[in-house]
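Each protein sequence line maps, in turn, to chains A and B.
First residue of the first sequence? That's 181 in the numbering used here, and the numbers climb one at a time after it.
First residue of the second sequence? That's 50 in the numbering used here, and the numbers climb one at a time after it.
Below is one structure; the comments refer to it alone.
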Amino acid sequence: MLSVIKSDFYKLFRRKSFYICGAVAGLFGIILVVLINSLYPDAKDYGYNGLNSVGAGLGQVTLLTTIFLSMFIPSEFAYGTIKNMASRGISRVSIYVSKLIMGIFTAVTYTLFTALCGFVSGSIMWGVGEFKSDDFLETLKLFGLFLLAQICLESVFIMVGFLIQHTGGTVATNLGLLFITDILITPIINFVIKNWPLFGYTIKSEEYWAGNYVKVFMEVSPEQDIINRGILVCLTYLVISTAVGIFTFCKRDIK
Amino acid sequence: MEYVLRTKDLTKIYSRKAAVNKVNLEIKKGDIYGFIGKNGAGKTTTIRMAVGLAKPTSGEIELFESKNLNKGRAKVGTVIEYPALYPYMSARQNLETQRLLLNVKDKSVTDEILEIVGLADVGRKKAKDFSLGMKQRLAIALSLIGDPEFLFLDEPINGLDPMGIKEIRDLILKLNKERGITIMISSHILGELVKMATCYGVINNGELVDQFDADDLKNRVKTRIRIKANDPDGVCQILQNEIGVQDCTLEDDGSVSVFDHLDDSGKINLALSEHDIIVEYINKEGGDYEDYFIKLMGGNKNA
C-alpha cells in the first residue's frame, strides 16, 4: 500500500497541471483581496486584515481541485498505465485508496496554499490584524469543516473518474455535478417531491448534497445543528462513494 | 517439468459470445511461447485474464504452479496491446514510478534496465517524443522492473519498422537466454515469431487449436511429397525398393509423405503406376511456416 502511495506521489509531483491548478487557486485568493481593496478603499476600517482574508478564494479551490482530479484520475486509464499496476499483483483496493489519498492531499494543499495567498496579500494590503484566540479557534473549526466537506465532495469526483475512465467525460460530469446540482438538480427534486401526489411534502434536498456544505462551512458561525448534519452528510458521501468506487473498480475488467 | 502458466478450461464470455472458450494453455519455464491467432481470436483476452485485468467467466489459472495468483503476478511483467507510459515523464522517471510501485529498494536497477533495452542515452527526453520502437523498448523496460520470471508481451512488434523489429527480437532473445525469463509473445508477424519462439499455441475463434514446440513445427512444415493412393500401405515399400526412398511416413489421413527424393515426383508416380497403384493426388507441399499457421487459424489470410 505504502509503495503505491509513494509511486502516486512521485507522479503527482511531476504533473504540470498539479502546479498550474494550485497556482490558479492561489491567484484567486490574491485577486479577491486586490478586488476588495480596489472596490472598498477604506476596507481596513471595515475590519479587513490578513487573518480574516484566509477565506478569500477558497470558493474556487473546489473548482480547481475538481478540474485537476478529473484529469489526474482517468489519465491512468487513458495512458494504459493502470495496467502496469493491476497486472503486477497490486490489489485494486490499494490502487483506489492511494488515488483517494492523492485527492485528499491535493484538496488540502490547494486549500492551505490559497488561504496562505489570501493571508499574505491581505496582510500586505491591510496589515496582519489582531490575533484573538476565540476568533482563531472558530476560524480553525470552520477551516477544518470546509476541508472535510471538500474532501468528501472530491471523493465523489474520484469515484466518477474510476467509473467513467475517460478524461473528457470525467471533467464534464464532475463540473456538471459541481455547477448544476445547486441550480438545477436540487430545485427539481424539491419541486417533484412537493408536487408529486405520492409524496406531497416539502424537503430541502440541498441539505443532503455534500457540495452545499462546502459553501455553508465558509459562512461565519453556522448553527450547530447545521454543522452536525453537514458532518453526517459529508461523511456519508465519503463512505458511500468510496465503497461504490472500490466495488465497481474491483468488479470491472480493465481495458 | 515446471510450468509458469497453466489454464484449465479458461473461458470468457462477452454478451453471450465466448471470446475465449475452454482454453488449456501450458507454458513451461524457460520457453518463448508464441501465441498466434487472427484479430479477435482471443489472444489479448486470454493474456488479460492471466495477468488479472479481466475476470474469467469460468475456468482456472495457475501461475508458477500455484493458484495464489496475486503472489504469482508479482513475478510477472506485462506489455499489453500498446506501450503504457506516462508521456510527460522521461524514460528514467517512468521506470522510477514502477520501481517505487513494486518497492524495489535498489535505485540502480533503473539505469541497469535502461542499459539492457538500449535507452540509457535518451536523457531527459519525454516519452511522448519517443519513436514507437523506443516506446516499445521502454514498455518492456517497465515490465522488467522487479526482476520478473515471466513476461507477457502482447503484440510488441506491431507497427515497428524492420530495424525496430530486429531490436525487439534481439532484446527478447537476450532476456530469455541471459536472464532466463520465460516469455509469452503474441504477434501477427508470423515470420518474426518463428525466429524467436520455442513453443507455439494457436488460437482461433476463442479456442486453442493446437500447442506444439519448435521441433514439432519443423517436422510439420518440412517439405514433402504428399501422395494419395488406393494402397497407402504399399506405397512406402515400393518407393524404398524402386527409387531408394529413405524417409516415408503414413499420415493419419491415409496419405503418404515422402521427405527425400523431393525432385523425383515424376519417378515416384511412374514407379507406383508400374505396380498398379492408382495415384489420386501427388504434390510437393510444406516449407512455409506462414501457410501452416494460416491453415491452423482457419485459412483466413488476415493473421
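All residues carry an ideal CB built from backbone N, CA and C; glycine is no exception.
Since the structure is predicted, the reported quantities are computational estimates derived from the model, not experimental observations.
* Nearest-angstrom beta carbon gap, F326/A and V394/A [assumed within contact, 8 Å] -> 7 Å
* Asked: In chain B, what lies closer than 7 Å to Y190/A by C-beta?
  -> E145, T146, L149
* Three-way DSSP call (helix, strand, coil) for V288/A in this model -> helix
* Asked: Taking C-alpha atoms, which residue in F429/A, K321/A, V413/A, G302/A lies nearest to E399/A?
  -> K321/A
* Short Cβ contact (8 Å threshold) for G283/B with V69/B -> no
* Which one or two residues does DSSP pair with Q413/B in a beta bridge? -> In this structure chain B extends from 50 to 352, so residue 413/B is not present and cannot be described.
* Can a CB atom of chain B be found closer than 8 Å to the CB of I434/A? -> yes
* **Cutoff 6 Å; reference N351/B; Cβ partners in own chain excluding five residues on either side** => Annotation note: pLDDT 43 at N351/B (below 50); position unreliable, coordinate value reported separately. These residues qualify, in order along the chain: K87.
* **Min CB distance K92/B to chain A below 8 Å** => no
* To do: Step through the CB atoms of chain B and report whether any lies within less than 8 Å of the CB of N264/A.
  => yes
* **K350/B - DSSP class collapsed to helix/strand/coil** => In this prediction, K350/B scores a pLDDT of 46, lower than 50, which makes its location untrustworthy; the coordinate-derived value is nonetheless stated afterwards. Coil.
* Asked: Can V258/B and L288/B be called in contact, C-beta distance under 8 Å?
  -> no
* Segments assigned alpha helix (DSSP H), at least 4 residues, entirely inside the segment 285-352 of chain A -> 313-344
* **C-alpha gap between L212/A and M305/A, whole angstroms** => 12 Å
* How long is the line joining the alpha carbons of M251/A and N264/A, rounded to whole angstroms? -> 19 Å
* Give a yes or no on whether 8 Å exceeds the smallest Cβ distance from T286/A to chain B. => no
* Does T261/A have its Cβ less than 8 Å from a Cβ in chain B? -> yes
* Quick one: using the 10 Å Cβ neighbour count with 16 as the cut-off for buried, is E111/B buried or exposed? => buried
* Asked: Near V270/B, what residues of its chain come up, given a Cβ to Cβ distance below 6 Å and the 5 sequence neighbours on each side ignored?
  -> G335, Y338, Y341
* To do: Check whether the Cβ atoms of L231/A and F299/A sit closer than 8 Å, and answer yes or no.
  => yes
* I232/B and L224/B look like a contact to me (Cβ under 8 Å); what is the Cβ gap, rounded to whole Å? -> 7 Å
* Separation of D433/A from G91/B, as counted between CA atoms -> 15 Å
* **Cross-chain neighbours of K186/A in chain B, by beta carbon under 7 Å** => L149
* For G324/A, does the count of other Cβ atoms within 10 angstroms reach 16, so buried, or fall short, so exposed? -> exposed
* For V400/A, which of helix, strand or coil comes out of DSSP? -> coil
* Find the nearest neighbour of E204/B within the set I234/B, K177/B, R186/B, Q286/B, judged by alpha-carbon distance. => I234/B
* Find the residues of chain A that neighbour P136/B, judging by a C-beta separation of less than 8 Å, and give them in chain order. => Y259
* To do: Could you tell me the boundaries of the beta strand (DSSP E) in which E227/B lies?
  => That residue, E227/B, is in no beta strand (DSSP E); its alpha helix (DSSP H) goes 211-227.
* To do: Mind listing the chain A neighbours of Y131/B? Cutoff is C-beta to C-beta under 7 Å, in chain order.
  => G260
* Buried versus exposed call for Y63/B [16 or more other C-beta atoms within 10 Å across all chains shown] -> exposed
* To do: Could you work out which residues of chain B lie near K196/A, taking near to mean beta carbons separated by less than 9 Å?
  => Y137
* Span of the beta strand (DSSP E), counted from its first residue to its last, around I230/B -> Note, I230/B: premise wrong, no beta strand (DSSP E); not H, not E.
* Asked: Closer than 8 Å, CB to CB, is G237/A near chain E or not?
  -> Annotation note: the requested chain E is absent from the structure, which comprises protein chains A and B.
* Identify each residue in the segment 267-286 of chain A for which the Cβ-Cβ distance to at least one residue of chain B is less than 8 Å, and report them in chain order. => S267, R268, G269, I270, S271
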